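Protein chains in written order, with our numbering: chain A, 168 to 505; chain B, -2 to 249; chain C, 203 to 489.
Here a beta-carbon is modelled for each residue, glycine too, at the ideal position from N, C-alpha and C.
Source: prediction; values computed, not measured.
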């Protein structure tokens, strides 16, 4: 019981800052600061949830199945934004993935070192360009190109007739495959421009992940195929890509997460229409673009709450997508990489 | 005279697996003691129990008593941090603190513990570096990064760093296994000087090294302390046939 | 082994024209695709230089935007606002981010570790605009728009980025360095703060710079928090402007003069972000 001092007589008693007790205090401090991350997450759910509550209470699950979004009448259904978000993201993803993988192959397999480094650099800088700058460029440079084509479309009398018939269809809330490719505006803004700019914006995410996993493919895998007399493309398609598949998939899903939540560039160019998907060359909206365009002006409590409900939906969608990406990378990585 | 280190019935477990079994061992002051045995025999595990490094390993558990100068290392109320200040340790690979100069490395144990007196720190640095036979080589570059030294110099720097806090006992875990023969010889020469100021327990996989530097030798096999005795006796007339098999090079 | 290679070798030598063509074609397509991927970056940069460089002069840095419809003015309000908010955001981002990284790397056995790691990873993927909504509900509803609210949103966005890089670089510090410190009888907190953290400092600084470059271009989380301010404002409790906010408003404005300022602002922003990214990369390369 009597253990007054543990240090030997020749040593002065140590200050408390140097004992295990100070470690305990440090651990508590670090944990407290790290918990801010958890706190922000929990607060986000709570705040978004409570702000969404009026809209969810009013509309229930119909919020996600109702096609009308009309602040004047106070009816809010998110079908237009949900389809807009999914269509822009998935199409952009479909276009960008092959391009991204190709550029990753170029950097990792084709380019000599003096070229591979700067090109890799440029692709990484692509990810650093702010959303508003992409939006500005799309608005001032690409939109006029699209606009010229759209105006040309309307100058052709035969096509104008097609437009008129499609317009009736759109006003009744539907579309056909043919009408989907008929422009409904002529200022260049719309779904197509949003898809183009999203494609450019998410390219670097897939590209840099793909490049990293391709570089991790063991040299023996390549040599084994070359030794069988394979061409470079055969080595890539039969040895490298199958080996790196899992890692690339993780990068693709991370890019999807980016695309779903991409806001201002899309908000600037998509033409902010809350009609359900009617034309590729016409106004549309995504969940994020509606938040950016409407939250500041929303006067009605129900309108405001409905916009936040979009935010809550986006929040959970991103959580799920990121979680799945993590799962895929974590589960497939041992087989794919290493 | 009471032994500086006294282990009684020490058992060490990693989870369910027992790594060291019922070890009794006394180490006398001012001696060099070698722990030998094939890899995985528990010698390093036992060594790391002496300064409670296992506290940091998940699932590791130490049972039994280890007395350092009569005081139970694992006694209730003993702070492992205070405990480790009395025990020096030198590791397999040289591990100087990467961002510190030679000087700062040597006195890090004191400086980080709050000793600011530059004159005193300088005295201790010189004494420790002389003790590690490194002073002449680094006295003109005390302020240069420690990572600029050669591997052998780095390891002697680590010895100096351990000496600076005046440990009652110095643990060495295969300190020369990553070094070239010339650096190894320097460190082996150093040990006979070191035992004038402290007591050394050294783990080595090299039997010749054990024979050259140690006063007593303990042979570990599969977690058991098979035999402990004066080094000459262990190497010339071992009592246990397993010891004989090992020291004559028939296995391990 | 050798026999299989030998039997396969003739097949390689008599490479059929079809296979040779396919190989060349795919190589060409890959080159073309790469050009397509990097083209936007180069096009954007030169577009901004052509359109924006002319507007960058002393006024640009010292004056606030002219009233709509009038010419002249600058983005001093936005530049100062960005600097202030990024500085405040860094305090949150670095303090919480580095602590989080230390927690994940140095306390791997703590029962809360997996939760913190997962939430941090997931938080990294939350759209910035949603973070803006969160801070709006948390701060703006009670205290109104403010530079402080904007900083908070940016800081929250920085946290998970800093957590991840800090954790990664701390794990690169060899375990034996920690053991050496502990074996000297130093408590864990001293070993962590004075030995392990300095050894990882270069990487952490790189991570913080990349996180800063990332949030410096964000306008979405500022829309409903900092809101913007057409005057120079040094009081963080009042609405504050930022470069990306002015770019957004200017680019969507109908007035040529605002558009011109937006392009100049975009050129300045993109140049600063590129320089920061390059510096950070160079620093991490040297390690």
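Here residue 178(B) carries a helix assignment [DSSP, helix/strand/coil]. Annotated three-state conformation of residue 466(A) is coil, per DSSP. For residue 317(A), the uninterrupted alpha helix (DSSP H) segment begins and ends at 310 to 322. DSSP, reduced to helix, strand and coil, places residue 456(C) outside both helices and strands of the structure shown, so it counts as coil. Look at the stretch 175 to 196 of chain B: it has no residue with a C-beta under 9 Å from a C-beta of chain C.
Shortest Cα-Cα distance from residue 430(A) to any of 370(A), 355(A), 479(A) and 298(A) involves 298(A). Assignment of beta-bridge partners to residue 57(B) by DSSP yields 11(B). Straight through space, the alpha carbons of residue 369(C) and residue 262(A) are spaced by roughly 34 Å. In the three-state reduction of the DSSP assignment, residue 451(A) falls in the coil class, being assigned neither a helical nor a strand state. The three-state secondary structure of residue 4(B), taken from DSSP, is strand. The continuous beta strand (DSSP E) containing residue 215(B) extends over residues 213 to 218.
The Cβ of residue 190(A) sits closer than 9 Å to at least one Cβ of chain C. Residue 54(B) counts as exposed, since fewer than 16 other C-beta atoms from the protein chains shown sit within 10 angstroms of its C-beta. Counting other Cβ atoms within 10 Å of its Cβ, residue 81(B) reaches 16 or more and is therefore classed as buried. Among the CB atoms of chain A, none fall inside 9 Å of the CB of residue 101(B).
For residue 200(B), the uninterrupted beta strand (DSSP E) run begins and ends at 196 to 200, by DSSP.
Within its own chain, the residues whose Cβ lies closer than 6 Å to the Cβ of residue 268(C), once the five positions on either side in sequence are excluded, are 274 and 275, listed in chain order. Beta-bridge partners of residue 169(B) (DSSP): 87(B) and 199(B).
Just so you know, the alpha carbons of residue 252(A) and residue 211(A) end up roughly 21 Å apart. Within chain C, the C-beta atoms nearer than 9 Å to that of residue 399(A) come from 225, 228 and 229, in chain order. Taking 9 Å as the CB threshold, residue 253(C) lines the interface with chain A. Residue 390(C) is positioned such that its CB atom lies no closer than 9 Å to that of residue 399(C).
Note that the C-beta distance between residue 348(C) and residue 443(C) is not below 9 Å. Here DSSP, grouped into helix, strand and coil, assigns residue 250(A) to helix. Between residue 231(C) and residue 267(A), the alpha-carbon positions lie close to 12 Å from each other. Inclusion of residue 144(B) and residue 152(B) in the CB contact set at 9 Å is not warranted, their separation being larger than that value. Residue 286(C) counts as buried, since no fewer than 16 other beta carbons sit within 10 angstroms of its beta carbon.
In the structure shown, residue 343(C) falls within a helical segment according to DSSP collapsed to helix, strand and coil. Our two residues, residue 219(A) and residue 292(C), have alpha carbons roughly 30 Å apart in a direct line.
At a cut-off of 9 Å between beta carbons, residue 98(B) makes no contact with chain C. For residue 31(B), there is no enclosing alpha helix (DSSP H); the enclosing beta strand (DSSP E) has its first and last residue at 29 to 33.
Against chain B, a Cβ distance below 7 Å from residue 319(C) picks out nothing, because the smallest value is about 17 Å.
Taking a contact to require three or more Cβ pairs closer than 8 Å, the stretch 349 to 357 of chain A and the stretch 437 to 448 of chain A qualify as touching. DSSP places residue 227(B) in the uninterrupted beta strand (DSSP E) bounded by 221 to 227. Sixteen is the threshold: when 16 or more other Cβ atoms of the shown chains lie within 10 Å of the Cβ of residue 442(A), as they do, the residue is buried. In the three-state scheme derived from DSSP, where H, G and I count as helix and E and B as strand, residue 446(A) is classed as coil.
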